[in-house]
Structures are given as structure tokens and as C-alpha cells.
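Visitor: Mind looking over this structure? Questions follow.
Protein chains: 2
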Amino acid sequence: MSSYKAPLDDIRFALYDVLDSDALFAKLGFGEATRDIVDAVLEEGARFNETVLAPLNKVGDEVGCKFDPADGSVATPPGFADAYRQYVEGGWPGLVSPAELGGQGLPHAVGVPIKEMIDAANLSWGNFPLLSHGATEALGHYGDAWQKDVFLKRLISGEWTGTMCLTEPHCGTDLGLLKTKAVANGDGTYSISGTKIFITAGEHDMAGNIVHLVLARLPDAPAGSKGISMFIVPKLRVDADGNTGERNGVRCGSIEHKMGIHGSATCVMNFDAAQGWLVGEANKGLVAMFVMMNTARLAVGLQGLGLADRALQNSLRYARERLQMRSLTGAKFPEKPADPIIVHPDVRRMLLTQKALVEGGRLLGYHAASLVDVVGHVQDEGEKAQADALLGFLTPIVKACLTEWGVECTYHALQCFGGHGYIHEHGMEQLARDARITTLYEGTTGIQALDLMGRKIMQQQGAGLRVFLGIIEAFCKEHEADDALAEYVAPLRAKAAEWQELTIAIGRGAMANADEVGAAAYDYLFYSGYVALAYWWARSVAAADASSRPQAFKDAKRETARFYFARLLPRTLQHKAAIESGAVSLMALDAAAFDA
Amino acid sequence: MSSYKAPLDDIRFALYDVLDSDALFAKLGFGEATRDIVDAVLEEGARFNETVLAPLNKVGDEVGCKFDPADGSVATPPGFADAYRQYVEGGWPGLVSPAELGGQGLPHAVGVPIKEMIDAANLSWGNFPLLSHGATEALGHYGDAWQKDVFLKRLISGEWTGTMCLTEPHCGTDLGLLKTKAVANGDGTYSISGTKIFITAGEHDMAGNIVHLVLARLPDAPAGSKGISMFIVPKLRVDADGNTGERNGVRCGSIEHKMGIHGSATCVMNFDAAQGWLVGEANKGLVAMFVMMNTARLAVGLQGLGLADRALQNSLRYARERLQMRSLTGAKFPEKPADPIIVHPDVRRMLLTQKALVEGGRLLGYHAASLVDVVGHVQDEGEKAQADALLGFLTPIVKACLTEWGVECTYHALQCFGGHGYIHEHGMEQLARDARITTLYEGTTGIQALDLMGRKIMQQQGAGLRVFLGIIEAFCKEHEADDALAEYVAPLRAKAAEWQELTIAIGRGAMANADEVGAAAYDYLFYSGYVALAYWWARSVAAADASSRPQAFKDAKRETARFYFARLLPRTLQHKAAIESGAVSLMALDAAAFDA
Numbered sequence: 001m002s003s004y005k006a007p008l009d010d011i012r013f014a015l016y017d018v019l020d021s022d023a024l025f026a027k028l029g030f031g032e033a034t035r036d037i038v039d040a041v042l043e044e045g046a047r048f049n050e051t052v053l054a055p056l057n058k059v060g061d062e063v064g065c066k067f068d069p070a071d072g073s074v075a076t077p078p079g080f081a082d083a084y085r086q087y088v089e090g091g092w093p094g095l096v097s098p099a100e101l102g103g104q105g106l107p108h109a110v111g112v113p114i115k116e117m118i119d120a121a122n123l124s125w126g127n128f129p130l131l132s133h134g135a136t137e138a139l140g141h142y143g144d145a146w147q148k149d150v151f152l153k154r155l156i157s158g159e160w161t162g163t164m165c166l167t168e169p170h171c172g173t174d175l176g177l178l179k180t181k182a183v184a185n186g187d188g189t190y191s192i193s194g195t196k197i198f199i200t201a202g203e204h205d206m207a208g209n210i211v212h213l214v215l216a217r218l219p220d221a222p223a224g225s226k227g228i229s230m231f232i233v234p235k236l237r238v239d240a241d242g243n244t245g246e247r248n249g250v251r252c253g254s255i256e257h258k259m260g261i262h263g264s265a266t267c268v269m270n271f272d273a274a275q276g277w278l279v280g281e282a283n284k285g286l287v288a289m290f291v292m293m294n295t296a297r298l299a300v301g302l303q304g305l306g307l308a309d310r311a312l313q314n315s316l317r318y319a320r321e322r323l324q325m326r327s328l329t330g331a332k333f334p335e336k337p338a339d340p341i342i343v344h345p346d347v348r349r350m351l352l353t354q355k356a357l358v359e360g361g362r363l364l365g366y367h368a369a370s371l372v373d374v375v376g377h378v379q380d381e382g383e384k385a386q387a388d389a390l391l392g393f394l395t396p397i398v399k400a401c402l403t404e405w406g407v408e409c410t411y412h413a414l415q416c417f418g419g420h421g422y423i424h425e426h427g428m429e430q431l432a433r434d435a436r437i438t439t440l441y442e443g444t445t446g447i448q449a450l451d452l453m454g455r456k457i458m459q460q461q462g463a464g465l466r467v468f469l470g471i472i473e474a475f476c477k478e479h480e481a482d483d484a485l486a487e488y489v490a491p492l493r494a495k496a497a498e499w500q501e502l503t504i505a506i507g508r509g510a511m512a513n514a515d516e517v518g519a520a521a522y523d524y525l526f527y528s529g530y531v532a533l534a535y536w537w538a539r540s541v542a543a544a545d546a547s548s549r550p551q552a553f554k555d556a557k558r559e560t561a562r563f564y565f566a567r568l569l570p571r572t573l574q575h576k577a578a579i580e581s582g583a584v585s586l587m588a589l590d591a592a593a594f595d596a
Numbered sequence: 001m002s003s004y005k006a007p008l009d010d011i012r013f014a015l016y017d018v019l020d021s022d023a024l025f026a027k028l029g030f031g032e033a034t035r036d037i038v039d040a041v042l043e044e045g046a047r048f049n050e051t052v053l054a055p056l057n058k059v060g061d062e063v064g065c066k067f068d069p070a071d072g073s074v075a076t077p078p079g080f081a082d083a084y085r086q087y088v089e090g091g092w093p094g095l096v097s098p099a100e101l102g103g104q105g106l107p108h109a110v111g112v113p114i115k116e117m118i119d120a121a122n123l124s125w126g127n128f129p130l131l132s133h134g135a136t137e138a139l140g141h142y143g144d145a146w147q148k149d150v151f152l153k154r155l156i157s158g159e160w161t162g163t164m165c166l167t168e169p170h171c172g173t174d175l176g177l178l179k180t181k182a183v184a185n186g187d188g189t190y191s192i193s194g195t196k197i198f199i200t201a202g203e204h205d206m207a208g209n210i211v212h213l214v215l216a217r218l219p220d221a222p223a224g225s226k227g228i229s230m231f232i233v234p235k236l237r238v239d240a241d242g243n244t245g246e247r248n249g250v251r252c253g254s255i256e257h258k259m260g261i262h263g264s265a266t267c268v269m270n271f272d273a274a275q276g277w278l279v280g281e282a283n284k285g286l287v288a289m290f291v292m293m294n295t296a297r298l299a300v301g302l303q304g305l306g307l308a309d310r311a312l313q314n315s316l317r318y319a320r321e322r323l324q325m326r327s328l329t330g331a332k333f334p335e336k337p338a339d340p341i342i343v344h345p346d347v348r349r350m351l352l353t354q355k356a357l358v359e360g361g362r363l364l365g366y367h368a369a370s371l372v373d374v375v376g377h378v379q380d381e382g383e384k385a386q387a388d389a390l391l392g393f394l395t396p397i398v399k400a401c402l403t404e405w406g407v408e409c410t411y412h413a414l415q416c417f418g419g420h421g422y423i424h425e426h427g428m429e430q431l432a433r434d435a436r437i438t439t440l441y442e443g444t445t446g447i448q449a450l451d452l453m454g455r456k457i458m459q460q461q462g463a464g465l466r467v468f469l470g471i472i473e474a475f476c477k478e479h480e481a482d483d484a485l486a487e488y489v490a491p492l493r494a495k496a497a498e499w500q501e502l503t504i505a506i507g508r509g510a511m512a513n514a515d516e517v518g519a520a521a522y523d524y525l526f527y528s529g530y531v532a533l534a535y536w537w538a539r540s541v542a543a544a545d546a547s548s549r550p551q552a553f554k555d556a557k558r559e560t561a562r563f564y565f566a567r568l569l570p571r572t573l574q575h576k577a578a579i580e581s582g583a584v585s586l587m588a589l590d591a592a593a594f595d596a
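If you read the protein sequences in the order shown, they are chains A and B. Numbering-wise (UniProt numbering), the first sequence opens with residue 1 and increments by one. Numbering-wise (UniProt numbering), the second sequence opens with residue 1 and increments by one.
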């Protein structure tokens with residue numbers, strides 16, 4: 001079975017030493033978020049995740065959720081409901097929600113390490129509260145006073161959980177095609193009818209009610225994505241005071257049999273004249289949906305990070321224990337029958353790749369979360385606009401890179417175990433199966449790439465990229481005379497310049513042929529991710545050196561950064577070449593000729 | 001459920017048009033292997049695989065093998081045993097075995113397309129006959145007359161199946177550590193005792209007997225890998241005439257619960273004073289084992305290819321059917337509610353990547369198989385030596401690249417399905433889980449890389465590489481004035497020159513520091529694989545143009561080659577940079593400091 005220990009040391013380094021969270025929180029008016037409080041939250045989070053959630057990860061996979069067709073109920077795996085009760089008692093659901101709604105009012109940047117721990121400890125379980133968070137965001141922005149009082153407060157307390165009901169059998173990415181209908185009842189409520197699929201936590205036995213946020217069409221709605229509205233549809237009907245009553249007309253029709261996340265209920269939800277309430281304006285549902293979606297995308301990125309870290313921890317342990325062959329430079333442990341496999345360069349390649357992607361990726365993800373705090377709380381409008389542009393730019397990068405790296409890290413970790421990695425009992429194959437969903441849901445990697453290239457670069461003329469390039473240049477300028485950092489600063493500066501040129505070249509090509517946007521998108525996203533990580537690794541070395549941490553910690557950051565620049569940053573070469581080759585090699589072949 | 005159709009057209013292209021198999025078979029004295037006969041074999045193979053094995057792929061995954069602890073028996077999934085009966089009746093087990101031993105005496109190059117089809121149709125099922133093939137090779141080389149008469153002939157007829165019993169709980173890669181013991185009984189037989197794990201097809205209900213080839217130590221054996229001998233240990237005892245009797249002292253102790261290939265029995269085998277016969281010389285078991293192993297490595301490479309092809313076929317079908325969003329350059333099917341996703345550049349990227357790796361990889365694999373024929377049958381000693389060196393050089397490349405590409409292709413294919421790919425019923429997630437074993441068994445990718453770099457390059461001073469570079473240069477020279485091929489020939493020539501320089505540079509570095517071999521190995525292997533594929537794609541264009549095939553076929557080859565050179569060959573840039581960065585960034589960090 002795979003084990004998990006929350007990486008508190010590196011989490012603290014990321015928050016305190018690199019992102020300078022003390023100063024940021026003070027500036028944004030998070031008076032509660034002192035170092036003492038944050039430390040206590042992190043430590044209690046570590047305890048909860050290591051001792052309550054992590055031990056349930058295996059049973060969640062083996063037993064899974066059980067659907068009862070007789071009453072449409074879903075039983076979660078043994079221990080899941082009790083863990084949720086403890087989660088609610090601990091006040092975790094409202095950790096980053098406003099105090100006036102019953103939350104704890106802590107910054108998002110404090111919420112993400114807890115999120116990372118939950119995903120590492122038990123991804124399947126984590127999906128139950130995760131969807132509440134998206135619903136909370138949407139209702140926080142667009143709910144009216146009554147909706148906030150009845151639904152939002154209970155989502156924040158954790159008494160009820162939420163869902164996002166978007167996908168239908170014939171439409172996932174293309175929500176403009178959706179068919180679910182909403183008809184006004186004349187009393188301010190609506191009747192919702194239709195079928196939604198892939199509804200995470202759509203039905204379960206962990207909370208008193210389930211608040212579905214459903215996209216549907218009103219009778220007079222325009223066609224396509226401009227005719228979509230959002231509705232609250234609770235599992236149990238509620239009265240004006242929020243008391244629950246009889247079942248509403250919504251029922252789970254079945255749950256999916258999936259490659260992984262067996263402990264997470266992925267439901268087909270049938271709505272049959274279910275009573276609902278409109279959220280925000282009619283036909284503006286897609287805007288409200290994107291509020292949920294952006295939060296969810298960052299959260300799914302964190303899932304990739306959490307799984308990658310658990311993969312790293314276990315493969316590192318195994319590589320130190322497993323004895324096999326001698327080092328090519330002579331026995332390192334002659335008293336043992338063979339050397340531990342961590343002496344072999346290729347095993348180190350797999351471990352260092354994970355370490356570089358996990359620790360660098362942590363900064364990528366936490367930084368984005370800190371931008372959520374800036375956007376929500378900074379006074380200066382100019383700063384807010386810059387942070388907003390940067391957050392929009394980084395969101396698809398965080399989602400796609402952290403999840404694809406999560407898949408990659410679980411791949412390397414399993415490979416470190418050799419044939420044993422393929423066997424269920426070691427837990428590595430579960431991590432690999434669980435990780436595989438993260439590049440698919442909340443928008444596939446290809447959709448993230450299009451969001452980045454089409455919306456954030458082309459439509460917004462690269463506003464977010466400009467902000468990020470400014471941050472990189474400021475860092476390079478600050479350290480240009482620092483010999484100890486020269487090996488990182490010089491190549492980072494060169495890559496940043498190249499990034500800008502590449503972006504301009506793609507934009508120029510896209511004016512002549514719109515397919516150039518789609519053709520460049522995937523490689524541009526990963527090119528961007530690797531340059532961003534180069535920045536975070538260079539900053540990590542600078543921050544470690546400037547800190548009072550032990551020399552071994554500083555050495556580890558420096559050597560991992562060296563590895564990153566030597567062996568992972570060169571992935572940009574391939575992405576650049578692919579981008580520069582343009583759309584022609586992708587579009588020339590006729591669709592019918594693929595198997596000519 | 002995923003479907004499968006044998007790609008007969010591209011198989012014929014590979015054999016007849018690119019590899020010029022008619023001329024090769026005639027030269028090697030395979031009088032039976034005329035085009036008519038080969039065509040008939042391919043067509044019957046396609047029928048058998050499409051109609052018998054492919055429909056059992058899903059039930060194999062869902063039901064899996066069942067172990068009965070009461071008697072140590074293993075029940076294979078419904079239909080598996082009957083399919084094996086049909087396989088034996090069809091004469092498939094002995095397809096490439098010598099006629100004098102009851103085989104059909106066809107070339108290996110005809111056997112591999114059938115192997116590819118089996119692996120695509122039903123990888124789990126294919127593992128039962130696969131291991132017989134390795135045992136056949138070992139006994140063909142090292143068995144005595146009685147062993148051939150009793151065991152080998154029955155393996156070739158398919159009446160019995162074989163296994164390779166190498167791995168023990170504490171040693172897989174490092175066989176020098178193995179502990180299984182063999183003691184002479186004084187009557188020419190031996191008593192074998194010990195535990196072997198990960199024994200594919202170690203127990204099942206498909207054949208009359210199971211012939212285990214077991215590595216064990218004699219009492220006076222030298223320590224390490226020079227003290228290993230190989231023994232035949234049958235499941236049922238046999239008399240001098242090969243009649244089976246009572247159970248031998250070997251029994252399945254359990255079967256593994258695995259990520260995939262559920263229909264394949266992966267057994268713990270307990271040997272308790274089991275009766276066995278020495279194969280070949282005492283303490284020379286590792287040499288005999290490598291005969292099995294090299295065959296098995298090529299075969300596992302083909303598994304990657306087969307799965308990749310099935311992945312490609314299904315994702316291509318889905319991409320033509322699934323309607324989602326409009327093309328960025330305007331609706332392509334305005335009469336439909338949305339365009340099929342094959343219009344989108346990023347979907348095409350995933351499809352073309354699969355197509356380029358599958359069709360190029362097919363040539364890589366088939367070429368290696370044809371070298372097995374050359375080594376076994378060519379008259380000229382110089383030619384034989386060259387083919388042998390080239391085969392040894394290509395074997396780790398075929399094994400590692402085709403399996404890693406198999407994993408990659410099943411990844412892209414699942415991704416093309418979006419969230420639906422993660423659901424069991426579509427069959428894509430099974431392909432991904434099944435593919436994951438191929439980079440682990442018969443030597444992990446890292447071990448293939450060490451074999452290539454350490455043995456084939458360093459120890460053999462690159463003899464095989466020189467032969468391959470000569471073949472590439474001859475091709476480039478032949479076509480250097482051909483304008484239609486210039487876009488492939490020029491970059492191929494440059495890459496070949498770079499390949500040679502890179503190899504020399506690694507060799508030079510390795511003389512100073514042996515860790516440079518291990519540090520370069522993985523990236524060198526993939527660098528080599530991508531240059532080799534560039535050669536096969538350039539040759540494919542030339543061969544297609546020179547053939548009488550339809551224009552659409554020629555166009556597809558040309559455009560896929562363009563895609564390959566533009567978007568996949570640049571992966572060499574990253575591998576080259578990693579190689580050139582040397583061992584330092586891998587070795588600097590102390591093992592204890594990875595989580596400092």
C-alpha cells in the first residue's frame with residue numbers, strides 16, 4: 001500500500017520563503033492569517049489527511065461506490081461518510097469562505113496546501129467536497145440573498161454538498177448543444193427536465209442534501225451557448241427557511257464504471273420536472289458556470305500535484321530499499337547483496353523528474369491561488385487588473401500542466417517499482433489510474449490549450465503573458481549580478497525573450513489562418529509551462545539561499561534546479577519546433593484518408 | 001467496446017513494398033513463403049483474430065483468471081480455452097518453427113504480423129502462447145534429442161504450453177541474486193526447490209501440460225550470474241515416451257491482482273523438490289535464458305504495436321463520429337449540429353501521432369523480425385554477422401520504443417474520447433491499462449536502454465549502429481537526386497551524422513566516468529528510435545511512390561511522413577540536450593537529500 005506524509009517543509013518554503021505570504025496576507029487585509037495561524041492550519045490539515053483520509057484511499061478503490069437501482073441511492077465506500085463528518089466538524093469546508101457566511105475567511109493560498117494534501121491522501125474522497133466549492137463560488141457571485149442564506153451557508157458549513165451539472169451525453173466541451181429544459185412554474189420556481197452525465201458527487205450518503213447547479217434552456221432561449229441559464233436544484237425540496245422536505249424530481253440513474261477514482265460517485269442524473277431556482281440572469285448561465293469552472297480548474301490542477309507528490313514519496317522510499325545490481329562505478333554498499341536502485345542514474349532520472357515537477361509545480365499552483373486572493377482583496381485597481389489577467393493566463397497552464405505532470409509522475413513512480421508497480425497491493429497502479437481522470441475532466445488538456453491560446457493570448461492580446469514576463473524580467477534584473485544564480489538567470493532570460501517572440505509569431509500566423517491557433521495551442525501551453533517552471537526553480541534557489549534553512553535543503557533545491565535546467569527545460573526545444581512547423585502538417589491529410 | 005480490424009493493407013505494404021519480402025524469402029530458402037501462401041496466412045490470421053480473439057478481450061478483462069487455493073488451479077476467462085483449441089487446430093503455434101519438428105517453417109517476418117494481430121485482438125490471451133515461443137527457442141538451441149522429442153515437439157504443436165521462470169521476490173533484473181536450488185537425483189534428473197514470481201501462464205486450463213523453464217542454482221555453483229543453470233520442470237511428470245503422469249512438485253501459490261491484462265495468469269510458482277532436467281550445460285543457464293529473452297523482447301515490442309494500432313483505429317472512428325464545436329476556420333459540416341472533432345487541429349495531432357508511431361513502428365518491428373530470418377538462414381557468413389549485430393542493436397530499441405509508444409498511443413486515444421475514454425464500456429481504458437505492463441516485463445525500459453548503451457554500443461563498439469548507418473546512407477545516396485524525397489532525405493542524413501557524433505561523444509565520456517553510460521542510456525535509446533523511425537518514414541514515402549497503390553494511400557504516407565518530420569522527429573532535440581548535459585545533474589544530489 002502506498003503511504004503519504006504531508007510535505008509540510010516544502011509547503012512552508014513555498015508559502016513563506018518564495019511567495020512571501022506573510023507580507024501578502026497583511027497587505028490584502030487577512031488579519032487572521034498570521035504565520036502562527038497558518039502553521040496551525042497546515043499541521044492540523046496534515047494530521048487529518050495522513051490519519052483519516054490516506055488510510056481510506058485503498059478501500060475506496062477496492063470497494064468503490066455502490067449504486068442501488070431500487071431507490072437510486074449511492075453508498076460511498078466504508079469510512080468515507082465518517083471522514084466527511086470529521087471534515088465538517090473540523091470546519092474545513094468553509095476554510096476560505098467569507099466569515100459573514102460562516103466561513104473562516106482564510107486566503108485561498110492557505111486553502112491550496114490543504115487541497116493538495118486531500119488529493120494526495122484520497123483523490124476520490126476529495127471530489128465530494130470539491131464540487132461544493134465550485135457551487136459556493138457560483139452562488140457567492142450570482143446567488144440572491146435568499147439563495148445565499150438557504151443554500152450557500154449550508155454549502156459553506158458542509159451540512160450540504162454541491163454539484164455542477166453541465167455535461168449531457170451528446171455534449172461536454174460544446175455546451176451550446178445542451179438540451180435540458182427549464183420551464184417557469186409561475187411562482188418564481190422552475191421545472192427542470194433532462195439528463196446530465198458525469199456528475200461527480202451527484203448522489204451519495206455523506207450529507208443531508210445535495211445542491212445541484214444545473215445548466216438548462218428556457219423555452220424562449222436563443223440557440224447555442226447564449227441561451228443557457230443556471231438553476232439551483234436540490235435533491236430534497238426545501239421550504240423558505242431551508243428546511244428539507246420530500247424528494248425533488250431528480251434521481252441518480254446509474255454510476256459509471258471507471259478506470260480509477262472508484263470511490264468517487266460519477267453519476268447519470270435524471271431531472272424530471274425537478275423544482276429549481278434561477279441563479280443570476282436568464283441566459284447568462286455560461287458566465288456563472290465559468291466562475292465555478294475556473295475555480296474547479298485550479299483545483300483539478302492541484303489534484304495532479306497531490307498525486308504526483310504521493311508518487312514521488314513512494315518511489316523514493318522504494319528506490320532506497322530495493323536492492324538490485326551494482327552501481328556502474330563500483331559497489332556503493334558492498335556489505336549488502338546488491339546496491340539500492342537509487343544509485344543507478346536512470347532511477348535518479350525518474351526520481352528527479354518527479355521532484356522537479358512536484359516542487360516547481362507546487363509554486364505554479366500556489367502562486368495562482370495567491371492571485372485569487374489578490375483579485376478578491378487588493379485595493380489598487382491597476383494591481384487587481386494585472387492579477388486578474390495573470391490569473392486568467394495561468395489557469396489553463398496550471399490545470400493542464402499539473403495534471404499531465406501528475407500522470408507523468410505516477411508513470412515514473414510505477415516504473416521505479418518495476419513489475420511490482422503493476423501489482424495492486426503496492427498502490428502505485430491506483431495512483432496512475434486515478435491520475436488519468438485529471439487531464440480529462442473540467443476541460444481536457446486540449447481545451448485548456450485552446451483557452452490559453454485563443455482566449456488569453458489572441459482575444460486578450462497576451463495581457464497576462466506580459467504581466468508574467470514583467471515578473472520574470474524583474475527577477476532576472478534583481479539577480480543579474482549574482483554569480484551563484486547566473487546559471488539559472490541567463491537561460492531563463494533567454495527563454496523569456498524566446499517566449500515573447502514565439503507568441504508574436506503565432507499571432508501573426510493566426511491572422512492568416514485561424515487553424516494556426518489550434519495547431520500551436522498544445523505545444524504553446526507546455527512550452528509556457530516549462531518556461532514558467534524555470535522561473536520558479538530559479539526563484540526557489542534564490543529563496544532557499546536567502547533563507548535560514550539547513551544546507552542540505554539549499555543543496556537539494558540547487559541540484560534539482562540544475563537537473564531541471566539541464567534535462568527538463570530542453571523539452572521546450574521540441575515544443576518550439578512543433579509550433580514553428582505550423583498547421584500544415586496537421587491539416588493536410590483528408591479526414592477520409594487517415595486509413596486510406 | 002473497442003473494435004479491431006487487422007490492418008492487412010499496411011501489413012502487406014510493410015512486407016511486400018518496403019521490406020521486399022518476396023526477394024528476401026527466396027534468397028533465404030523459404031520456398032513455401034510465396035506471396036500466395038503469405039497472403040493466405042495473413043487473411044486467415046485476420047479472420048481468426050477479428051472473430052475469435054477480439055470478441056473475448058472484454059470478458060477477459062472483466063472476469064479475469066480465477067485462482068482456486070484448494071487445488072492451486074487457475075481457470076482462464078470464458079472462451080479462452082476454446083479459442084486456444086481453435087488456435088492449435090489452425091496450426092498457429094508452430095507457424096515459424098522448423099518443419100522437421102512439426103512446424104510450418106515460415107519466416108519470422110510472417111509470424112510477426114500474426115503476433116501483432118493477436119496482441120491487438122487480445123493481449124491477455126496472447127500471453128499464453130507467447131511464453132511457449134520463448135521456451136521453444138531455448139529448447140531448439142540447447143535441448144538434447146530426447147528433450148526436443150518429448151517437450152519441444154509438443155510445444156510446437158501447441159499440445160503443451162511453456163513458461164519462463166526467472167524472477168524471484170527479491171530479484172528481477174538482478175538474476176545473480178536468485179536462490180532457487182537444484183540438486184541432482186543421481187538418475188539424470190534434478191530436484192528443484194524455490195519460489196518464482198510473475199510467472200506468466202504458470203498455471204491454466206488450456207493445455208495438457210505446462211513446461212516450465214526454470215533458472216536455479218546447483219549446489220556447487222559459483223556465486224552470482226555465473227552459477228545459474230536452466231531446467232525443464234513439467235507440471236505433470238512425463239515418462240521416457242512423453243506420456244504424462246502424476247503431478248510434479250510444482251504448484252501455483254496465487255495469482256497477482258494487476259492493473260491490467262486480467263485475462264493473463266501471472267502466477268507465484270512454488271517448486272518443492274520438483275523433478276527437472278538440465279537444459280544445456282550446468283552454470284550456463286543465463287546464456288540459454290537470453291535466447292528466450294531476446295525472442296520475448298521482440299515479441300513484447302509487438303504487443304506495444306498491436307495495442308497502439310487498436311487504439312488508433314478506435315480513436316479515429318470516434319473522432320469521425322463525435323460532433324463537438326465548429327472548426328476554427330468555419331463550419332465544415334454546417335448541416336450537422338456541430339463538426340466531427342477530427343476537424344480540430346489538436347485532435348488531428350493526437351491521431352497523426354498515433355498513425356506515425358504505429359505505421360513507422362510496424363516497419364521497425366518487422367525489420368527486426370526479418371533479421372531473425374537472415375541470421376538463421378543466410379549463407380554468407382559476413383552477411384550473417386552483420387545481421388546479427390544489427391538485430392542485437394535493434395532489439396532493445398524495438399522493445400522499449402514500441403512499448404512506450406504503445407503506452408503513448410493508448411494515452412492519446414483515450415484522450416480523444418474525452419471523459420468517455422475513462423469509462424470502462426468504451427474499452428479505451430482497458431487498452432491503456434493493458435499497455436502499461438509492456439514497458440515493465442521482459443526488462444523495463446531502463447534495462448533496455450542499458451542493454452543498448454552498455455552492451456550493444458560500448459562492449460560491441462557500436463557494430464550494429466554502423467550497419468544501420470550504412471543502410472541509411474545507402475538509402476540517402478540512392479535518393480539524393482530525387483526532388484520528391486529531398487524534404488526527408490536531407491534531414492535524415494543530418495540526423496544520422498549527428499547520431500554517430502553523439503555516440504562517439506558518449507563513449508568518450510564513459511571512459512572517464514562509467515555513470516555517463518547510465519546517464520545517457522534512456523535518452524540515447526529514444527534518440528535512436530526517433531532517427532530510426534525517420535528512416536522508415538522516408539523509405540515508406542519512396543516505397544509508396546514506387547508502388548502501384550492508390551493515390552490516397554501514397555498521399556497518406558507522404559503527409560504522415562511530413563507530420564513525423566515536423567512534429568515528432570524534433571523530440572530528438574530534447575533527448576540530445578539531455579544526453580549532452582551528462583551525468584552530473586543526475587548524480588550530484590545525495591540519496592539522503594532527495595527529501596531534505
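Cβ atoms here follow ideal geometry from the backbone N, Cα and C, with glycine treated the same way.
1) By how many angstroms is the C-alpha of D17 of chain A removed from the C-alpha of A463 of chain A?
2) Quick one: list the residues of chain A neighbouring F198 of chain B, beta-carbon separation under 7 Å, in chain order.
3) Less than 8 Å separating the beta-carbons of E516 of chain A and G582 of chain A?
4) Using beta carbons (cut-off 8 Å, strictly below), is T195 of chain A in contact with chain B?
5) Quick one, which of B:I397, B:F417, B:A543 and B:Q415 has its alpha-carbon nearest L450 of chain B's?
6) Using only the alpha-carbon positions, how far apart do G253 of chain B and L42 of chain A sit?
7) Hey, how far is the Cα of V407 of chain A from the Cα of T180 of chain A?
8) If you drop the 5 nearest sequence neighbours on each side, which residues of the same chain put their C-beta closer than 8 Å to that of T173 of chain B?
9) Measure how close the beta-carbons of residue 656 of chain B and A182 of chain B come, nearest whole angstrom, since I'm counting them as under 8 Å.
10) Select from A:K5, A:M1, A:F13 and A:S3 the residue whose C-alpha is nearest the C-alpha of residue 600 of chain A.
11) Would you check if the distance between the CB atom of C165 of chain A and the CB atom of L236 of chain A is smaller than 8 Å?
12) Just to make sure I have the definition right: I need the residues of chain B whose C-beta is within less than 7 Å of the C-beta of L328 of chain A. Which are they?
13) Do we get a CB-CB distance below 8 Å when we pair D309 of chain A with the residues of chain B?
14) Can you tell me whether C65 of chain B is helix, strand or coil according to DSSP?
15) Among A:G94, A:A519, A:P340 and A:R362, whose alpha-carbon lies nearest the alpha-carbon of Y535 of chain A?
16) If you compare alpha carbons, which of A:G509, A:Q430, A:R154 and A:F553 is closest to M1 of chain A?
17) Is there at least one Cβ from chain B nearer than 8 Å to F13 of chain A's Cβ?
Guide: Based on what the coordinates show:
1) 27 Å
2) G419
3) yes
4) no
5) B:I397
6) 46 Å
7) 34 Å
8) G443, T444 and I447
9) Any property of residue 656 of chain B remains undetermined from this structure, which presents chain B solely from 1 to 596.
10) With chain A covering 1 to 596 only, the question about residue 600 of chain A has no answer from this structure.
11) no
12) A514, D515, V517 and G518
13) no
14) coil
15) A:R362
16) A:Q430
17) no
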